[in-house]
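Asks: Could you have a look at this structure, given as C-alpha cells, before my questions?
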Amino acid sequence: MVLEGTSAASRIHVLGAGAVGLLFAAHLRQSGHPITLLLRSQASADRFARSGGRISVFNNWARTQPSRKLLQTNGSSNDMAPWLAEDIQARAATSLPGDSGQIPHIDKLIITTKAQDTLQAYWSVRASLNSKSTVVLLQNGMGSYEAIQREFYPSPQQHQQELISEIPTFIIGTNANGCLRVPDDEFTTHHTAKVSCQFAVRPSLLNPPPPLPPSALEMLKALSSLPLGATLTNWSDLHLLLLLKLAANAVICPVTALTGCRNGYIVTPPPNDTQQCADVGYYDSMRSYLSSACVEIAAVYARAHPHLHSELTVQAIEEYVSHIAYSSARNRSSMLQDVASGRQTEVEWINGYLVRLGQQHGVPTPVNTLLYTLIKLKEAARYHASYE
Numbered sequence: 468m469v470l471e472g473t474s475a476a477s478r479i480h481v482l483g484a485g486a487v488g489l490l491f492a493a494h495l496r497q498s499g500h501p502i503t504l505l506l507r508s509q510a511s512a513d514r515f516a517r518s519g520g521r522i523s524v525f526n527n528w529a530r531t532q533p534s535r536k537l538l539q540t541n542g543s544s545n546d547m548a549p550w551l552a553e554d555i556q557a558r559a560a561t562s563l564p565g566d567s568g569q570i571p572h573i574d575k576l577i578i579t580t581k582a583q584d585t586l587q588a589y590w591s592v593r594a595s596l597n598s599k600s601t602v603v604l605l606q607n608g609m610g611s612y613e614a615i616q617r618e619f620y621p622s623p624q625q626h627q628q629e630l631i632s633e634i635p636t637f638i639i640g641t642n643a644n645g646c647l648r649v650p651d652d653e654f655t656t657h658h659t660a661k662v663s664c665q666f667a668v669r670p671s672l673l674n675p676p677p678p679l680p681p682s683a684l685e686m687l688k689a690l691s692s693l694p695l696g697a698t699l700t701n702w703s704d705l706h707l708l709l710l711l712k713l714a715a716n717a718v719i720c721p722v723t724a725l726t727g728c729r730n731g732y733i734v735t736p737p738p739n740d741t742q743q744c745a746d747v748g749y750y751d752s753m754r755s756y757l758s759s760a761c762v763e764i765a766a767v768y769a770r771a772h773p774h775l776h777s778e779l780t781v782q783a784i785e786e787y788v789s790h791i792a793y794s795s796a797r798n799r800s801s802m803l804q805d806v807a808s809g810r811q812t813e814v815e816w817i818n819g820y821l822v823r824l825g826q827q828h829g830v831p832t833p834v835n836t837l838l839y840t841l842i843k844l845k846e847a848a849r850y851h852a853s854y855e
C-alpha cells in the first residue's frame with residue numbers, strides 16, 4: 468500500500484527497531500515521509516499492526532529527572548505523555564518475493580541494528596537493493612561498511628562492470644542522541660538526551676565513481692531536516708569524528724561494563740567520596756588507565772591514518788574522551804546495558820577493531836587486547852550460569 472500523494476520510491480525503510488531505529492523512524496514520519504519498519508519476523512510485524520501501526524516517543528530530555536528513573540518505573544509516567552508517529556507500516560525483513568511474485572525494491576534504507584547484526588540484516592534485504600538505492604548505516608564502532616563490501620561486493624575494481632548496477636550509495640552516520648527502550652514496551656522509545664547526529668556520503672569504491680542517485684539526494688534532505696541536531700558533512704570530517712568517537716567508546720564502554728558504573732566513572736569520583744577515592748588510589752589508577760589507553764590508540768591511528776596525525780594526537784584524543792565521559796557522566800553505556808541484559812556486546816567493532824587495526828599496521832595494543840578479552844569472557848560467563 469502506498470500513502471496518498473506519495474510514490475513507492477519516496478518510502479523510507481528502517482531496519483532495526485531498537486531505541487535508535489524507532490526514534491529516527493518516528494521523526495522521519497513526523498516530517499511527512501512514509502515509513503516501513505523491517506522487523507525480525509512476521510509475528511513482530513503483526514504485533515506492530517495490532518498496536519495501531521504507531522511509535523510512541525517520550526521526550527525525556529525535556530525533564531529534569533535522570534533517565535534511570537525510567538528503568539525503575541518501566542516508563543510509566545503520569546507527568547508526561549508520549550507523542551505518536553502514526554500510519555507506519557511494518558513487514559518482516561526479507562527479500563523474498565511478495566504477493567505479486569516480485570522481490571520488492573527498496574529505494575531508501577536506514578540500518579540501525581547493533582554492529583554485530585549488520586551483516587545478517589543486510590543479507591536479509593540485499594536482493595531488494597541496487598545502484599538506485601541508498602543505504603544509511605548508523606552503528607556504534609567501526610568496520611560495518613567494510614564488512615558489507617567484503618562480504619557482498621568483493622574486488623569492485625576487478626568486477627566493476629558486474630557490480631556497477633548492484634552497489635547502492637552508502638551514507639554513514641553517527642548519533643549522539645541518547646535513547647532507550649524499557650522492557651515490555653516494544654514500540655516505544657525514550658529520547659533521554661537531545662544532542663546531535665552527523666551524516667556523510669561514503670565515497671564509492673568504483674572508479675570512476677557513479678553520480679549520486681535521486682534516492683541519495685532525497686535521503687540527505689530528509690536526514691538534514693530531522694530535529695535531532697542533524698547536520699550533513701563531508702566524509703573526511705566525519706571520518707575524523709568517527710575515529711574520535713571510536714576512541715571514546717573503546718576507553719569508556721569496557722570499563723563501565725566491567726565495573727557496572729556509569730560513564731563518569733573514569734573521570735569523576737563518586738559524590739562525597741573524595742577522600743575514600745584518594746585512599747584507594749582511584750585518581751592515580753584512572754589517570755594511568757586513561758593516559759595508557761589514549762597513547763595506544765594514538766599510536767594505532769598514527770600508523771593507520773598518517774594524514775590525520777596532527778589531529779589525532781594523544782592530547783586531542785584524551786581531551787575528547789574526557790569530554791564525552793564528563794558530558795555523559797550519568798549515562799549507562801550501551802556495552803554496560805548489553806552485559807547487564809545478557810546480550811552480546813559490540814566490543815568486536817570497538818576494541819576488537821582497534822586490535823585488528825594495530826595488528827594490520829604492526830602496532831602493539833596490550834590495553835585494548837586486555838579490554839577486549841575481558842569483555843568476551845564477561846559475555847561467555849552467562850553460558851556458565853548453570854555451574855554457579
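Here the working numbering is used: the first residue of the sequence shown is 468, the next is one more, and so on. Just so you know, even glycine gets a beta-carbon here, dropped at the ideal spot from N, CA and C. All values derive from a computational prediction rather than experimental measurement.
1) Hey, out of Pro833, Glu846, Ser703 and Arg849, whose CA is closest to Glu778's CA?
2) Grouping DSSP H, G and I as helix and E and B as strand, with all else coil, what is Phe654?
3) Quick one: is Glu856 buried, meaning 16 or more other Cβ sit within 10 Å of its Cβ, or exposed?
4) What would DSSP say about Val814, mapped onto helix, strand or coil?
5) Look up Leu699 in the DSSP assignment and give the residues it is bridged to.
6) Taking 8 Å as the cut-off, does the segment 751-763 touch the segment 729-736 (at least 3 CB pairs, one atom from each stretch)?
7) Per DSSP, Phe619 forms a beta bridge with which residues?
8) Per DSSP, Phe525 is paired with what?
9) Check whether the segment 671-688 and the segment 703-718 are in contact - that is, three or more C-beta pairs closer than 8 Å.
10) Which partner residues of Phe637 appear in the DSSP bridge assignment?
11) Cβ of Ala796 versus every heavy atom of the ligand NAP: is any distance shorter than 7 Å?
12) Which residues bound the beta strand (DSSP E) around Arg530?
13) Just to confirm, are Val602 and Leu630 a CB contact at a threshold of 8 Å?
14) Using only alpha-carbon positions, find the residue among Pro501, Asn526, Leu844 and Phe654 that is nearest to Pro549.
15) Once DSSP output is grouped into helix, strand and coil, what is the label at Ile577?
16) Looking at the structure shown, is Asn716 part of a helix, part of a strand, or coil, going by DSSP?
17) Just confirm the distance between the C-beta atoms of Ser598 and Pro635, as a whole number of angstroms; I'd bet it's less than 8 Å.
18) If I follow the unbroken alpha helix (DSSP H) through Thr561, where does it start and stop?
19) Can you look up Gly483 in the DSSP assignment and give me helix, strand or coil?
20) Is the segment 672-692 close to the segment 710-720, with three or more CB pairs under 8 Å?
21) Please state whether DSSP places Ile502 in a helix, a strand or coil.
22) Less than 8 Å separating the beta-carbons of Leu504 and Val524?
23) Report the three-state DSSP secondary structure of Gly645 (helix, strand or coil).
24) Could you round the C-beta distance between Gly608 and Glu813 to whole angstroms and report it? I think they count as a contact, below 8 Å.
25) Measuring alpha carbon to alpha carbon, tell me which of Tyr750, Gly520, Pro501 and Leu708 ends up nearest Val788.
26) My output table needs one value for Leu551: the three-state DSSP class, helix, strand or coil.
27) Would a C-beta distance cut-off of 8 Å place Thr579 and Gly488 closer than the cut-off?
28) Gln583 to Trp816, Cα distance in whole Å?
29) For Ser682, which residues from the same chain have a beta carbon less than 8 Å from its beta carbon, with the 5 sequence-adjacent residues on both sides left out?
30) Is DSSP giving Arg823 helix, strand or coil here?
31) For His572, tell me which candidate among Gln606, Ile784, Ser752 and Val592 has the shortest Cα-Cα distance.
32) Ala807 to Lys845, Cα distance in whole Å?
33) Around the Cβ of Lys581, are there at least 16 other Cβ atoms within 10 angstroms (buried) or fewer (exposed)?
34) Anyone know if the C-beta pair for Ala557 and Phe515 falls short of 8 Å?
35) Do Ser800 and Thr723 have their beta-carbon atoms positioned less than 8 Å apart in this structure?
Replies: In brief:
1) For the residues Pro833, Glu846, Ser703 and Arg849, the minimum Cα distance to Glu778 belongs to Ser703.
2) Collapsing the DSSP output to three states places Phe654 in coil.
3) Look at the range of the chain in this structure, 468 to 855, and you will see that residue 856 is not part of it.
4) Three-state DSSP puts Val814 in a helix.
5) Leu699 pairs with Phe666.
6) Counting C-beta pairs closer than 8 Å gives three or more between the segment 729-736 and the segment 751-763, which meets the contact rule.
7) Within the DSSP bridge table, the entry for Phe619 names no partner.
8) Looking at the DSSP assignment, Phe525 forms a beta bridge with His657.
9) Result no; under three Cβ-Cβ pairs closer than 8 Å.
10) Beta-bridge analysis with DSSP links Phe637 to Val602.
11) Summarising the ligand content, the structure contains no ligands, and the ligand NAP is consequently not present.
12) Looking at the DSSP string, Arg530 is not in any beta strand (DSSP E), and its letter there is neither H nor E.
13) Taking 8 Å as the cut-off, the beta carbon of Val602 is found no closer than this to the beta carbon of Leu630.
14) Answer by Cα proximity: Asn526.
15) Ile577 carries a strand assignment under DSSP once its states are collapsed to helix, strand and coil.
16) In the three-state reduction of the DSSP assignment, Asn716 falls in the helix class, which pools H, G and I.
17) Yes, Ser598 and Pro635 are in contact; Cβ-Cβ is about 7 Å, under 8 Å.
18) If you look at Thr561, you'll find it isn't in any alpha helix (DSSP H); DSSP assigns it neither H nor E.
19) Coil, per DSSP.
20) Too few Cβ pairs lie closer than 8 Å, so no.
21) DSSP places Ile502 in the strand class (E or B) of the three-state scheme.
22) For Leu504 and Val524, no; Cβs fall outside 8 Å.
23) Correct three-state label for Gly645: strand.
24) Indeed, because the Cβ distance is near 5 Å, the residues count as touching under 8 Å.
25) Cα-wise, what sits closest to Val788 is Leu708.
26) Strand at Leu551.
27) Contact: yes.
28) Going by the C-alpha atoms only, they are around 8 Å apart.
29) Ala476, Asp574, Lys575, Lys599, Ser600, Thr601 and Thr636.
30) In the three-state reduction of the DSSP assignment, Arg823 falls in the helix class, which pools H, G and I.
31) The candidate whose alpha carbon is nearest that of His572 is Val592.
32) Spanning the alpha carbons of Ala807 and Lys845 requires a straight line of approximately 10 Å.
33) Burial check for Lys581: the Cβ neighbour count within 10 Å reaches 16 or more, so the residue is buried.
34) Going by C-beta atoms, Ala557 is nearer than 8 Å to Phe515.
35) Taking 8 Å as the Cβ cut-off, Thr723 and Ser800 qualify as a contacting pair.
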